[in-house]
Amino acid sequence: MANYSTIDNLKQALSNMKEALATYPRTNSKIISPADELILHTESFILSHQHSISLLKSEINLYKQQISDLKSINDDKFHKIVEKIESSQTSQSSVTYSSVAQNSSVRNPIPNYKTILVKPKNSLLSPPQVKEAICNSISTYDLKCNQVSVNKSNVAFKFSNESSKNEFMKRVSENPNLNSAVEAYEPTPKCPTLLLKNIDYSTNESDIINTLITQNGLEDCNNHIKLLFTIKKRFYYDAVICVSPHIYEKLLQHSLFLGWSACNAEETFLLGHCSKCLSFQHRARDCPHGNKKCKKCGISFSTARIDNQSSAFSIHVKNCTTSNCCHCSDKHLPSDHSALSDACPFYRNKVKVTKEMTCYDRQKIVKFLNKPSPIRSDSNAQTTSSSSSSTRFSINNVSSSSSTNTPPSPSVPSSPILNVHGTNQSFATES
1 MANYSTIDNL KQALSNMKEA LATYPRTNSK IISPADELIL HTESFILSHQ
51 HSISLLKSEI NLYKQQISDL KSINDDKFHK IVEKIESSQT SQSSVTYSSV
101 AQNSSVRNPI PNYKTILVKP KNSLLSPPQV KEAICNSIST YDLKCNQVSV
151 NKSNVAFKFS NESSKNEFMK RVSENPNLNS AVEAYEPTPK CPTLLLKNID
201 YSTNESDIIN TLITQNGLED CNNHIKLLFT IKKRFYYDAV ICVSPHIYEK
251 LLQHSLFLGW SACNAEETFL LGHCSKCLSF QHRARDCPHG NKKCKKCGIS
301 FSTARIDNQS SAFSIHVKNC TTSNCCHCSD KHLPSDHSAL SDACPFYRNK
351 VKVTKEMTCY DRQKIVKFLN KPSPIRSDSN AQTTSSSSSS TRFSINNVSS
401 SSSTNTPPSP SVPSSPILNV HGTNQSFATE S
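Residues 1 to 431 (UniProt numbering) make up the sequence shown, in order.
The following block contains the structure:
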């Protein structure tokens, strides 16, 4: 601003001098000539400086534009980096049951194998011997068998279609050397499990199923819903139920009324992990560890209560703020999360496997035939139900009229959640 003011002052002085010379034309020539020369040089000087200023202004504007462009480019790069970091964190921390199931089904569609289990009728035959006997006695000429696997108690044959499965069953039953020594049957389908949250204590646990059916117009679902166990809370309690695949989606479509409360059914999975050390390899009854491990920090504490005081484990759990997944830390993976959380890859994989094993076929109807038995509620129980529960199952697919043999008694899945219902129940599927 000072340079502009100086130039303006010079211009004004030159203008005044020109005006004075024009007003007094008889001024001595010795004065006029130097004055004209001064005016000429001064004007030339002013024009030169104005041109330089104009060039400098152009360069400054160019630099400003370049700086602005660089800032925009850097801002774009910065935002992309931030978005990438946030998206990666979100993808790791916001994985739910449904998203894991949907992604796994899209990427790796599970083939719809028809499975037949074959077990020896006596202890003289081992499963490997059963496999050898069947492979030597039955021709595979027109059977489309995808896989044969052997475990401790039986042999599993997986077929590509229903006709191959039925033909295999027929050949085993009609072979006198086989039907006297082995038993072939279709395995029990793993039914979906649902979580009913915040049930009022005015609703008796033994009346949950009847109340659910009568209050929600589910009379056609009678004997197709089974109560597995309840989870005690301070003001309400939750219930986990097992449902037939053909009514699974029906229960998820709207709120369900239970006595003086309403709740939404949410799918849940019984992963069968150990409640002591959090391992997926065994149950609590087979755990070699005496102490109980915190699922947040992975440190083990005693659950013993001394002088009616809270146990060391209870005190620690209430105050624990450290996240260190025991599964991931053992494998030297990032462990800044809790075990049994959606951020744990081992937990997500277990959910995925359990999801793949669950039957969602709408044509599959499973009927639970409850035998009257007193409900056992134990606040200190560590499993959901007794593995020695007496069960019986027979399978018939809606789309097939062929009958199958009755398989052995399956064990009810267990999970380290309180309040066990040790009810003896029978199962059957309908056409």
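For each residue, glycine too, the CB sits at the ideal point set by N, CA and C.
Count the other CB atoms within 10 Å of the CB of residue i; is the residue buried (16 or more) or exposed (fewer)?
i	result
Y185	buried
N154	buried
N61	exposed
T268	buried
L256	buried
M357	exposed
V148	exposed
S379	Because S379 carries a pLDDT of 38, less than 50, the predicted location of this residue cannot be relied on, and no value is offered for it.
L251	buried
F168	buried
F78	exposed
P128	exposed
P374	Residue placement at P374 is flagged as unreliable, the pLDDT there being 40, under the threshold of 50; the coordinate-derived value follows with that caveat. Classification for P374: exposed.
L55	exposed
I116	buried
Taking 9 Å as the cut-off, decide whether the C-beta atoms of residue i and residue j are in contact.
i	j	result
I231	D238	yes
A312	S323	no
I138	V172	yes
Y236	I208	no
K114	K165	yes
E266	L195	yes
P187	A156	yes
N222	A181	no
I39	I7	no
C344	C325	yes
L124	A133	no
Given this structure, state the Cα-to-Cα distance separating residue i from residue j, to the nearest angstrom.
i	j	result
N9	E59	26 Å
R376	V240	Low confidence applies to R376: its pLDDT is 39, below 50, so where it sits in the model is not reliable, and the reading given next is rough at best. Distance between the alpha carbons of R376 and V240 is about 15 Å.
P334	L278	18 Å
Y347	D361	25 Å
E83	Q66	26 Å
N151	K350	20 Å
K226	E183	28 Å
E249	P192	10 Å
C328	K355	22 Å
H273	H282	7 Å
D76	D69	11 Å
D342	K197	20 Å
C287	F280	11 Å
I81	K352	31 Å
S389	D307	Because the pLDDT at S389 is just 33, under 50, the model does not fix this residue reliably, and the point stays unresolved.
P120	R305	47 Å
Y63	K18	41 Å
Q309	K233	20 Å
L271	V118	26 Å
S409	S87	Legend: pLDDT at S409 = 36, less than 50; position of this residue unreliable, value from coordinates given subsequently. Looking at the two C-alpha atoms, the distance is approximately 47 Å.
N74	A262	53 Å
D336	N264	32 Å
K11	P34	17 Å
N136	E162	22 Å
Among the residues of its own chain, which have a CB less than 7 Å from the CB of residue i, if the five just before and after it don't count?
i	result
residue 438	The structure shown does not extend to residue 438, since the chain spans only 1 to 431, so no value can be given for it.
N179	V172 and S173
K296	C320, T322, S323 and S338
Closer than 6 Å by C-beta to residue i: which residues in its own chain qualify, once you throw out the five before and the five after it? Chain order, please.
i	result
S160	K144 and N146
Q215	F257
G298	N324 and C326
L340	K295 and Y347
S48	none
D142	none
H254	none
CB-CB under 8 Å to residue i, same chain, minus the five flanking residues each way: which ones, in chain order?
i	result
N291	K276, S300, F301, S302, T303 and F313
E43	L14
C294	S300, F301, F313, H316, V317 and C320
H224	V243, S244, H246, I247, I365, V366, K367 and F368
Got a sec: is the Cβ-Cβ distance from residue i to anything in chain D below 9 Å?
i	result
S311	Included in the structure is just one protein chain, with no chain D present.
| request: Kindly provide the ranges of any alpha helix (DSSP H) runs that are 4 or more residues long and lie completely inside the region 139 to 209, ordered along the chain. | output: 162 to 174 and 176 to 179
* **Sequence ranges, alpha helix (DSSP H) only - wholly within the region 110 to 135, length at least 4** => none
If you scan the region 217 to 286 from start to end, which runs of the alpha helix (DSSP H) of 4 or more residues do you find wholly inside it? 248 to 252
Requested in this report: Scan the region 280 to 330 and note each continuous alpha helix (DSSP H) run of 4 residues or more that stays entirely inside, going in chain order.
Outcome: 312 to 319 and 326 to 330
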